[in-house]
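What follows is a single structure, written as structure tokens, with notes after it.
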Amino acid sequence: MNNADKHVLLTGGTSGIGHELAKLFAKDGYQLTIVARTESDLIRVADELKALGAAGVTPIAQDLMTPEGPFKLCQEVTRPVDILVNDAGQGAWGEFLDIDIQRELGIIRLNIDAYVILTKHFLNEMVTRGSGKVLNVASIAGKVPGPLQAVYHATKAFILSWSEAVKFEIRDVKGVTITDLMPGATDTDFFHKAGMEQAVVVQEDKLAPAADVAKDGYEALMKGEDRVISGFMNKVNITMSNVMPDSVAAAQTYKDNKPADETKS
Ligand SMILES: NC(=O)c1ccc[n+]([C@@H]2O[C@H](COP(=O)([O-])OP(=O)(O)OC[C@H]3O[C@@H](n4cnc5c(N)ncnc54)[C@H](OP(=O)(O)O)[C@@H]3O)[C@@H](O)[C@H]2O)c1
0 MNNADKHVLL TGGTSGIGHE LAKLFAKDGY QLTIVARTES DLIRVADELK
50 ALGAAGVTPI AQDLMTPEGP FKLCQEVTRP VDILVNDAGQ GAWGEFLDID
100 IQRELGIIRL NIDAYVILTK HFLNEMVTRG SGKVLNVASI AGKVPGPLQA
150 VYHATKAFIL SWSEAVKFEI RDVKGVTITD LMPGATDTDF FHKAGMEQAV
200 VVQEDKLAPA ADVAKDGYEA LMKGEDRVIS GFMNKVNITM SNVMPDSVAA
250 AQTYKDNKPA DETKS
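So this is what it looks like as structure tokens:
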């Protein structure tokens, strides 16, 4: 089967890391279904991906923060999915006690429920066929508690734990792989959506280019690797945090997440 016959379902394909991943699939001539909420972005990006070489592009507008959104998407995608990319995700910046509960429940639905629902549906089909790949866009945030992004970090910790367990369960299924991409802070619209523009990590411009992160994820996915941490310093930091007490890791993370103009450390 050549790439033109392979179908990629990619959530969050219109911006940031997901957009860069979509461009890589397009250049390699895959069929793509891209999912996001903003119809005008979907139409614009679909045209861009076709121009880059995608064999076909189907845009689907769906809000995956709603309880029914991921289930509707499963029903709408009737063509077999050869590669599932769970990318769409959001965070919210601020003290846990101050952030609106409905906003946080929406983030949990998008960052956890949507990944679980789509993977259960499409991975079952892959295992039955004996072929397929899943890329979960997780984060190094999943390895450390994140003051001022407490729920966001915890959603990514869920993804890493859940994904690793599912990988073990399907270890004997030849031809089906699950890969977790762990970016560090990346230059995308994420921080704007999270209301996080004043945080140290953004103000000091410690952000990796989204294209570099996507390339790391794409290559790991194609090789069927279990997990990839994008960026040398992120690998170093995660190695260090693995041997730190969680309370120390939380304090370290706070230094990046806190407002740049705040004096307390
Ligand atoms: N940026 C970072 O520093 C960073 C670091 C580590 C991991 N990540 C992870 O990378 C993934 C992509 O984030 P990004 O940084 O590329 O962010 P981004 O630039 O904001 O892109 C997010 C994409 O997801 C879509 N999306 C957002 N909310 C959605 C919803 N409710 N339903 C359906 N689609 C939705 C967006 O389109 P619409 O807004 O039109 O829906 C957009 O296409 C996320 O899982 C994030 O947690 C990001």
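Here the sequence shown is numbered in numbering that gives the first Met the number 0, starting from 0 and rising by one per residue.
Each residue gets a CB set at the ideal place from its N, CA and C atoms; glycine is no exception.
- DSSP links arginine 226 through a beta bridge to Asp179.
- Uninterrupted alpha helix (DSSP H) stretches at least 4 residues long and entirely within the stretch 2–76 occur at 15–26, 38–51, 68–75, given in chain order.
- Here DSSP, grouped into helix, strand and coil, assigns threonine 185 to strand.
- Residue pairing by DSSP puts isoleucine 82 in a beta bridge opposite Val7, Lys132.
- Judged by beta-carbon spacing, leucine 20 lies within the 8 Å limit of aspartate 86, meaning their Cβ atoms are closer than that value.
- Comparing alpha carbon positions, the residue from Ala60, Val84, Gly145, Gly15 closest to serine 246 is Gly145.
- If you check the C-beta of arginine 43 against ligand 1, you find no heavy atom less than 7 Å away.
- Excluding five sequence positions before and after cysteine 73, the CB atoms of its chain that fall closer than 6 Å to its own CB belong to His120, given in chain order.
- For alanine 259, the secondary structure class from DSSP, reduced to helix, strand or coil, is coil.
- With a minimum length of 3 residues, the unbroken runs of beta strand (DSSP E) contained wholly in the stretch 95–181 fall at 131–136, 175–181.
- DSSP places alanine 219 within a helical segment (H, G or I) once states are collapsed to three.
- The DSSP-derived three-state label of alanine 87 is coil.
- DSSP places alanine 207 in the strand class (E or B) of the three-state scheme.
- Residues Ala91, Val150 of the same chain have their beta carbon placed closer than 7 Å to that of glutamate 103, with the five preceding and five following residues left out of the count.
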